Amino acid sequence: MWFKNVIFYRLTEAFEYTQEQLQEKLLEQTFTPCKSQELSRYGWVSPCRLLDDVIAHQVHGMFMVAARKEEKILPGAVIKEAVGEKIAVIEHEQARKVYKKEKDQLKDEVVLDLLPRAFSKFQQTTALILPSLGWIAVDASSHKRAEELLSHLRGTLGSLPIVLPDVQQSPSAVMSNWLEQDDSLPEGFEVLDECELRDNVLEGGVIRIKGQQLEDEEFVAHLEAGKRVVKLALEWDEQLKIVLQDDLSIKRLKLSEQLQEKMADEAAEDEVAQFDTDMVQMGLEFAKLFPAIIKAFGGEAKRP
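Okay, structure coming up:
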C-alpha cells in the first residue's frame, strides 16, 4: 500500500477532526456507480479493501482516505461517426444543411444513446493526512489528479486550507549545483544514476540520463552549457529511493533494501495489521522526508 508517487501539501490550519467526525463527513459522499445517463462519478471508499465500512482509516493519529472515480468510455471516433450518420440522413431526407448548433444537439443525443452501453474506467486515489505535522500527501502522478481528490475533500468538509510547499531557492538550480559540486549535497541525500536536464532557452531541449555516472565529463558539460536539472533520482536516509522533480513532487518512490528487510522482519500475520504497519511506517518516513526536502532548498518561503 506504499504510495508510488507523492504530491505533498502543507496544512495552513489545524486539522482537528476525530476519526468518528471524519468518518461521518465522508459517509455523506461515498462512491456510488454511474447511473445509465451519467458520464462520471466520484466518491469516497475505504482505503483498506478488508475494511469496507471504514472510510476514514486512522492509526496513531494519521488518517488515510481514498476516492474512487468512474468514467464512461465513449471514444471520440465512435461519437463522430454516429453524429455523421445522423447528419447525412437529415441532409438527404430534408435536402438542407445541418449547422453547428444542430450538430451539437445531435452530438448530445448520440452521447445519451451510447452511455448505457459504454464501458467504465475506474481509478482510485489515496491520501495520507498527518494532522500533528501539518502535511497531506496524495498518491498521484499529476497535480490534476491530486487536486481532484483534495477538491472533493474540501467540498466534503466545507473547508481545507492547504498550499503546495513554497521554498526559498529554485529546486532546479539547487539540484544542478548538487551535481556540479558534490560537497553541496545536503545530509541524508545520495544522488543515484538518473536525471533529466532541460534547456531553459531552447524549447524541447531535454536530455534524459539513466544508468550512467552523473559525474562523467559529458554530463558535466551539459550543466556548464546552461542546462538545468528538472528531475533527479535520490536515496533518502538509506530508507527511500525517489525521483524528485523541480516542482517538489516525488515520482517512483521505492523502499531501499534496508527498509524492505526491516519491514519483512516486522511483518504481521494479519492483513489489516500489516496495512496499519505499512501506513505508520510510510507516515514516519514522510514526516522526515518532507521537511528534509524543504530544508534542502532553503526552507519554506515566507508568506505575506
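With this note's numbering applied, the sequence shown covers 34 to 337. Note that CB positions come from ideal geometry on N, CA and C, so glycine has one too. If you're wondering where the values come from, they're calculated on a predicted model, not measured in any experiment.
Between Gly221 and the set Thr310, Gly238, Ile326, the nearest pair of CA atoms involves Ile326. Under a 10 Å Cβ-count criterion, Asn38 is classified as buried, with 16 or more other Cβ atoms of the shown protein chains found around its own Cβ.
A direct Cα-to-Cα measurement between Asn210 and Leu256 gives close to 9 Å. Burial state of Tyr42 is buried, judged by a 10 Å Cβ sphere holding 16 or more other Cβ atoms. Positions of the alpha helix (DSSP H) runs, each at least 4 residues long and wholly inside the stretch 85 to 160, are given as 109 to 127, 133 to 147 in order along the chain.
Leu44 sits in a strand when the DSSP states are folded into three classes. Around the beta carbon of Gly117, fewer than 16 other beta carbons sit within 10 angstroms, so the residue counts as exposed.
Between Thr189 and Glu61, the CB-CB gap stays under 8 Å. Exclusion of the five residues before and after Ser289 leaves Glu268, Glu271, Gln272, Leu273, Lys274 as the residues of its chain whose Cβ lies within less than 7 Å of its Cβ.
Per DSSP, Trp211 is one residue of the alpha helix (DSSP H) stretching across 204 to 213. Ranked by Cα distance from Ile162, the options Gln278, Gly94, Lys335 are led by Gly94.
Leaving aside the five residues that flank Ser217 on each side, the residues in its chain whose CB is nearer than 6 Å to its CB run, in chain order, Asn210, Trp211. When DSSP states are grouped into helix, strand and coil, Arg178 belongs to the helix group. Asp279 carries a coil assignment under DSSP once its states are collapsed to helix, strand and coil. Look at the beta carbons and you see the stretch 142 to 153 touching the stretch 104 to 124: at least three pairs across the two are nearer than 8 Å.
The Cβ atoms of Leu286 and Phe36 lie closer than 8 Å to each other.
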